[in-house]
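If you read the sequence shown in our numbering, its first letter stands for residue 3, the second for the next number, and so on. Glycine included, C-beta positions come from ideal geometry on N, C-alpha and C.
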Amino acid sequence: MAKVLIKGRLSYPQLHEPRAYGDKGDEVYSADILFSKTDNEQCDKLEQAIREAGEEKFGGSNMSALIERMKRTGRYPLKDGDQKISTSLKPEAYEVYAGQYYITPKNKKVRPRLVDRHVQEVTENIQEVFYSGCHVNAIISVYAYTFQGTKGVTFTLTGVQFVKDDTRWGGQLRASSSDFESYEEETASIDELEEMPF
3 MAKVLIKGRL SYPQLHEPRA YGDKGDEVYS ADILFSKTDN EQCDKLEQAI
53 REAGEEKFGG SNMSALIERM KRTGRYPLKD GDQKISTSLK PEAYEVYAGQ
103 YYITPKNKKV RPRLVDRHVQ EVTENIQEVF YSGCHVNAII SVYAYTFQGT
153 KGVTFTLTGV QFVKDDTRWG GQLRASSSDF ESYEEETASI DELEEMPF
């Protein structure tokens, strides 16, 4: 089982508590990690890890066919952000995926280790630290599996490091003090306060 470090931006993080997807799905911690399609180094690193994990479990002779089958059926763990937009019922929700590759590693056993830029563990205010749009380093384990006769390769999320802030995705921008107008101090009279509807 190989471990790979991926640098990217966080999207749809579910790191503070596990969440079930679907009626009968297991509760999992998860996140999308996005990086540019021009980042050939990270793309090659992931593709090599996928191939090596499959070859280790299934043998090298059938790996190319397995990769093609995973891509054809949507089970290849390195995904195309532009394809995500074009096939989504709500493409506007994935505008930031344009020109990006992304992965969706999960962990259903334990919460991934969460650390800040100084490698200090984060246990409080997790949603404030790890928000959609921030830059992170993610540690994933890559392993091959067989489930109900289906072969595949998947990613497990084992750790996330906050690296730096950036624009929050999803319309959750925080206003700055310069956005507000300054007012002179005024004192309301007793009559004015009594007329207010509260």
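Option in the options with minimal Cα separation from residue i
{"i": "I247", "options": "I142, Q129, G151, F149", "result": "Since the first residue shown for the chain is 3 and the last is 200, residue 247 is missing from the structure and cannot be characterised."}
{"i": "D28", "options": "K110, Q122, R11", "result": "K110"}
{"i": "Y133", "options": "D167, T125, D82", "result": "D167"}
{"i": "L80", "options": "V165, G161, T156", "result": "T156"}
Rounded straight-line distance, which links the Cα of residue j to that of residue i
{"i": "F37", "j": "Q150", "result": "32 Å"}
{"i": "Q163", "j": "S13", "result": "14 Å"}
{"i": "K59", "j": "A146", "result": "6 Å"}
{"i": "Y99", "j": "Y78", "result": "17 Å"}
{"i": "T169", "j": "C136", "result": "7 Å"}
{"i": "Q50", "j": "V121", "result": "28 Å"}
Simplified DSSP state of residue i, which is helix, strand or coil
{"i": "R53", "result": "helix"}
{"i": "R170", "result": "coil"}
{"i": "D34", "result": "strand"}
{"i": "H18", "result": "strand"}
{"i": "G62", "result": "helix"}
{"i": "Q82", "result": "The amino acid occupying residue 82 in the given sequence is Asp; Gln does not appear at that position. Of the three classes helix, strand and coil, the one that applies to D82 here is strand, per DSSP."}
{"i": "K47", "result": "helix"}
heavy atom of the ligand FAD below 8 Å from residue i C-beta
{"i": "E97", "result": "Although the ligand FAD was asked about, the structure shown includes no ligands whatsoever."}
Checklist line | 3-residue-minimum beta strand (DSSP E) runs that sit fully inside the region 92-157, ordered along the chain | finding: Taking 3 residues as the shortest admissible run, the region 92-157 contains the following complete beta strand (DSSP E) segments, listed from N- to C-terminal end: 102-105, 115-117, 137-149.
Next item on the list: Report yes or no: do three or more beta-carbon pairs, one from the region 15-26 and one from the region 86-100, lie closer than 8 Å?
Entry: Under the three-pair Cβ rule at 8 Å, the region 15-26 does not count as touching the region 86-100.
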